[in-house]
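So the structure is just underneath, and the comments pick up after that.
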Amino acid sequence: MASSIEYTNGIQPSDKWEMILTRKAYGEMLVELGKKNENIVVLDADLAESTYTKFFRAEFPERFVECGIAEQDMMNTAAGLSTFGLIPFLSSYAIFLTGRAWDQARNTVDYSKMNVKIAAAHGGISVGQDGCSHQSMEDLSNMLSLVNMTVLVPADYWETRKMMEWIPTHEGPLYFRLGREKVPTVTSESTPFKPYHTLEAVGGGDGVFIATGLMLSRAVHAAELLAKEGIFSRVLHVPMLKPMNDEEILQAVKETGAVVTIEEHSIYGGLGSLVARLLLSNDVHVPTRIIGIPDIYLMSGKPEELLVKAGLTAENGAAKMKEALALRK
Amino acid sequence: MPTLNLSVEELREKARAIRHDVLVAIHTAKSGHPGGPLSAADYLTALWMNYLNCDPKNPFWPERDRFVLSNGHCSMLLYTLMSHRGLFSRGYLLTFRTVDSRLQGHPSKTSLPGVEVSSGSLGQGLSVAHGMALGARIRGTPERTVFCNCGDGELQEGNIWEAIMHAGHRKTDNLVVSADWNNAQIDGYVENVKNIAPLPEKFRDFGWRTIEADGHDMDDIVRAWNEAVAGTPSRGKGCGQPTAILFKTVMMHGCPTYENIPGWHGRPPKEDEVMHMLNELNYNYNTVDEARAAMGGFQEYDGYGDEDGK
Chain A
654 MASSIEYTNG IQPSDKWEMI LTRKAYGEML VELGKKNENI VVLDADLAES
704 TYTKFFRAEF PERFVECGIA EQDMMNTAAG LSTFGLIPFL SSYAIFLTGR
754 AWDQARNTVD YSKMNVKIAA AHGGISVGQD GCSHQSMEDL SNMLSLVNMT
804 VLVPADYWET RKMMEWIPTH EGPLYFRLGR EKVPTVTSES TPFKPYHTLE
854 AVGGGDGVFI ATGLMLSRAV HAAELLAKEG IFSRVLHVPM LKPMNDEEIL
904 QAVKETGAVV TIEEHSIYGG LGSLVARLLL SNDVHVPTRI IGIPDIYLMS
954 GKPEELLVKA GLTAENGAAK MKEALALRK
Chain B
-11 MPTLNLSVEE LREKARAIRH DVLVAIHTAK SGHPGGPLSA ADYLTALWMN
39 YLNCDPKNPF WPERDRFVLS NGHCSMLLYT LMSHRGLFSR GYLLTFRTVD
89 SRLQGHPSKT SLPGVEVSSG SLGQGLSVAH GMALGARIRG TPERTVFCNC
139 GDGELQEGNI WEAIMHAGHR KTDNLVVSAD WNNAQIDGYV ENVKNIAPLP
189 EKFRDFGWRT IEADGHDMDD IVRAWNEAVA GTPSRGKGCG QPTAILFKTV
239 MMHGCPTYEN IPGWHGRPPK EDEVMHMLNE LNYNYNTVDE ARAAMGGFQE
289 YDGYGDEDGK
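Protein chains in written order, with my numbering: chain A, 654 to 982; chain B, -11 to 298.
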């Protein structure tokens, strides 16, 4: 029986978190990668200032392709570039890339197995005051159903940097989701990013939180709240939703006997759906709660206010875990 | 890599053989789109036999030109052109649209070496082709020319105009687009369904060099391709503009009884119809089996086998 909360893999307690942009990490890393690898090319659709591809544009203008406000054209231009052995990173907002350009992502990029890296800023509802038209709670389900697509959701600044180092070594279509707002640095410079693996963030045996992206911070915070009551829940971060490491998730659930998933995405077709399918089809029947954006459109508002409206809070996470643990056999 | 460099007379005869194979294969599959292939057969035969720089034994040869079939439903024409250029045997065309064949209903890059990108969802190929042309430029090899064929009905897609604007903006002169201007689409004549006219003016206004040609007059077709490639870096000096050739064509050309009827966009000919069509092309068989035998009968795939090649 644990007596205090056990942070693992360099995860920081919430009182040490700093607020930094993930898209800034993306922009910085593009430049670093561009220096090392002349095959890296970057595309944007009139959002270079916002997606931070402006750093790359300033450094390597000959390898930067501004597509104007034309996301469908950008997706397929990237596909064409990739056929010459280039590694295109394209950027816009998640809702436009996976909405407007979905047909291009499916029928050209994914079906042809093109080596295109889709970097989506402004994933989730924490986009905030721009309102619903610019929020994305559907992008993960839109991408997860694509056969060849690898899907990544970094938790914060440090993890984004580490993912970016790995991404050019990956061959094939890849989607990764960045946020708009500054997000807490739950991970640290020493936290590893292991492709094809989950990451244990907090040790414990009283149920497991399974989180992805920004919601790792809420899960860790929820575990901290529970620890004050003597409940020690494990926290598992899933930075790679596809392909997902089924074995590690099954093992964590079997060892802890209850599960709460939490994601900044619609409850239809995201992490919760993936985990529920996995558990049921492996006959792992444990108390399960799925926290995600319920079937509603959000609105303008401060990001934190919107997360509260959607129930994406540490307090809700802790409450749901208690419900699940009460049902645990 | 030399092209076949056929004479105008040989190109005419080759286009006739290609129409033959397209019709027999679509009839055999009892499924497919004959209208567009017969419309574009003459000018794409000229491109594939005499202009497209490729290695039939290695479709991934890095120095090749690229061809993108944006109107993917004309897949049977692409496959037949590939076969007649020497990528695989004609008999394999008879597996079109059957389970496990590389000859998918619409072209699939991962199924058939030599297909540069999967297509079928209309309006996408031109952006991809333009990306390829930019890729050649970034690589420092603008002499690689990228050819792209579009249907005229397809020009109703918004993504097409994004690409046209983009290529015009970047003056991508190693990109050559051919448009099959047959004025026919599924729901009727293009001018009635949703008019795309004035087409040459639209391309010109977006910064393109525009060439018009009779898509069934082989002399005029050769003139148009010569003029088009003369403005690409592959022939020494780029003209500083992307090029569009607008080929005036007739759907189902070569089979007069069936010409210019939009209904032939996507309907396979029945046995009596295909026999009549072949007869109008001056092929006189007693049975379709004889036509299939003329293609070598059903054959296994004998082309390049690397499915994940670059």
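All residues carry an ideal CB built from backbone N, CA and C; glycine is no exception.
Judged by their CB atoms, B:His118 and B:Leu65 are not nearer to each other than the 8 Å cut-off. In this structure, DSSP gives B:Arg85 a state outside helix and strand, which the three-state scheme calls coil. Chain A has a Cβ within less than 8 Å of the Cβ of B:Leu122. Under DSSP, A:Ala772 forms a beta bridge with A:Ser744 and A:Phe829. Taking a Cβ-Cβ threshold of 7 Å, the residues of chain B close to A:Lys766 are Thr98, in chain order. Listed in chain order, the beta strand (DSSP E) elements of length 3 or more contained wholly in the segment 187 to 272 of chain B are 197 to 202 and 231 to 236. A:Asn690 is outside the set of residues whose beta carbon lies under 8 Å from a beta carbon in chain B. Contact between the segment 688 to 700 of chain A and the segment 107 to 116 of chain B is absent, with fewer than three C-beta pairs closer than 8 Å. Residue-level contact check: A:Asp699 does not touch chain B, since none of the beta carbons of chain B fall below 8 Å from its beta carbon. Rounded to the nearest whole angstrom, the C-alpha separation of A:Glu958 and A:Lys766 is 40 Å.
Leaving aside the five residues that flank A:Thr661 on each side, the residues in its chain whose CB is nearer than 7 Å to its CB run, in chain order, Glu853, Ala854, Val855 and Gly856.
Close CB contacts of B:Ile209 within its chain, under the 7 Å cut and outside five residues either way in sequence, are with Asp30, Tyr31, Ala34, Ala201 and Gly203 (chain order). Assignment of beta-bridge partners to B:Cys136 by DSSP yields B:Val56 and B:Val165. The three-state reading of DSSP puts A:His890 in strand, counting E and B together.
Taking all protein chains shown into account, A:Val804 has 16 or more neighbouring C-beta atoms within 10 Å of its C-beta and is therefore buried. Excluding sequence positions up to five before and after A:Asn729, its CB lies within less than 6 Å of the CB of Gln757 and Thr761, all in the same chain and listed in chain order. DSSP places A:Met672 in the uninterrupted beta strand (DSSP E) bounded by Met672 to Leu674. Counting along the chain, A:Leu696 sits inside no alpha helix (DSSP H); it lies in the beta strand (DSSP E) bounded by residues Ile693 to Asp697. Proximity of chain B to A:Asn795 at the Cβ level (cut-off 8 Å) is not reached, the minimal Cβ distance being about 16 Å. Contact between the segment 236 to 256 of chain B and the segment 18 to 30 of chain B is present: 3 or more CB-CB pairs across the two stretches fall below 8 Å. Ranking A:Gly752, A:Arg676, A:Ala773 and A:Pro892 by CA distance to the CA of A:Ser745 puts A:Ala773 first. Cβ atoms of B:Thr160 and B:Pro230 come within 8 Å of each other, at about 5 Å. Contact between the segment 706 to 719 of chain A and the segment 837 to 853 of chain A is absent: fewer than three C-beta pairs spanning the two stretches fall below 8 Å. DSSP places B:Arg7 inside the alpha helix (DSSP H), whose first and last residues are Val(-4) to Ala17. Taking a C-beta distance under 8 Å as the contact criterion, B:Val105 and A:Ala732 qualify as a contact pair. Between A:Gly925 and A:Ile946, the C-beta gap is not smaller than 8 Å, which leaves the two residues out of contact. Residue contact check for A:Val861 against chain B: no CB pair falls below 8 Å. Contacts with chain B at 8 Å (Cβ-Cβ) include A:Val718.
In this structure, A:Glu916 sits near A:Met868, with a CB-CB distance shorter than 8 Å.
Around the beta carbon of B:Glu259, fewer than 16 other beta carbons sit within 10 angstroms, so the residue counts as exposed. Between A:Glu791 and A:Leu750, the beta carbon gap of about 11 Å keeps them out of contact (Cβ cut-off 8 Å). Counting only residues of its own chain and dropping the five nearest sequence neighbours on each side, B:Leu269 has a CB closer than 7 Å to the CB of Arg4, Arg7, His8, Gly242 and Cys243. For B:Gly176, the pairing in a beta bridge is given by DSSP as B:Gln173.
For A:Ser794, the three-state secondary structure derived from DSSP is helix. The secondary-structure analysis by DSSP pairs B:Arg158 with nothing; it has no beta-bridge partner. Look at A:Ala911: its C-beta is not under 8 Å from any C-beta on chain B.
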